[in-house]
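Below is one structure, written out as structure tokens; comments come after it.
Chains as they are written, first to last, in this note's numbering: chain A, 19 to 134; chain B, 3 to 117.
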């Protein structure tokens, strides 16, 4: 079945450091890929998405590129801020046509803490 | 526009008791999803409604869980009787019908603790 594997955390960085959170997936066909973020005390928010190979999703300085050859969707940010401290979830959704196309399959989540 | 709301935010019950969680989706969103995150693990899909019909309930763990969406608006998820392993955070999400890439908007979750 479908699965998503994220790098294990927690990740602790100093402000302005470079961030990479690795995400790889296993799925049939051409799924859509997502990064969700959960800030302390809040629900999940969509951070960015990509729907086909080589697409780059970006938002709030974060980027991730859909790499079909390596089945990866790594999240990057050039300079993190304290306000980026949160839990980050990588997820996929099967392409339209499958019986379970609506559901998201998530990774375990990566806790990011950024210190001043 | 109001987001997805969930009630209660926290619930603490004893093993064997019954708990009902409620989700109010964004107005006009026909798709409604329930997910669960247990013990810091991955968020797992439970089921998917399209309006009042269950489109996919492949993630429901067992028959102690009952989800309803009467009238195609809000949804409830009842756990009866609750077991220790049901503890976790239950998320609800909704989306507008459309293409397969429709964005799911999540509620803040209900944290369930079974003692």
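Glycine included, C-beta positions come from ideal geometry on N, C-alpha and C. Just so we're clear, the structure is a prediction, and the values are computed from it rather than from any experiment.
- Per DSSP, reduced to three states, the secondary structure at residue 73(B) is helical.
- DSSP places residue 101(A) in the helix class (H, G or I) of the three-state scheme.
- Looking at the DSSP output, residue 96(B) shares a beta bridge with 34(B), 107(B).
- Shown in chain order are the members of the stretch 38-54 of chain B whose Cβ falls below 7 angstroms from a Cβ of chain A: 43, 44, 45, 47, 50.
- According to the DSSP assignment, residue 58(B) belongs to the beta strand (DSSP E) that extends over 55-58.
- Counting along the chain, residue 43(A) sits inside the beta strand (DSSP E) bounded by residues 41-44.
- With fewer than 16 neighbouring CB atoms inside 10 Å of its own CB, residue 71(A) falls in the exposed class.
- Per DSSP, reduced to three states, the secondary structure at residue 26(B) is strand.
- Residue 75(A): member of the beta strand (DSSP E) spanning 74-77, first to last residue.
- Within the same chain, and ignoring the five residues on either side of residue 47(B) in sequence, the residues whose Cβ sits closer than 6 angstroms to its Cβ are 37, 61.
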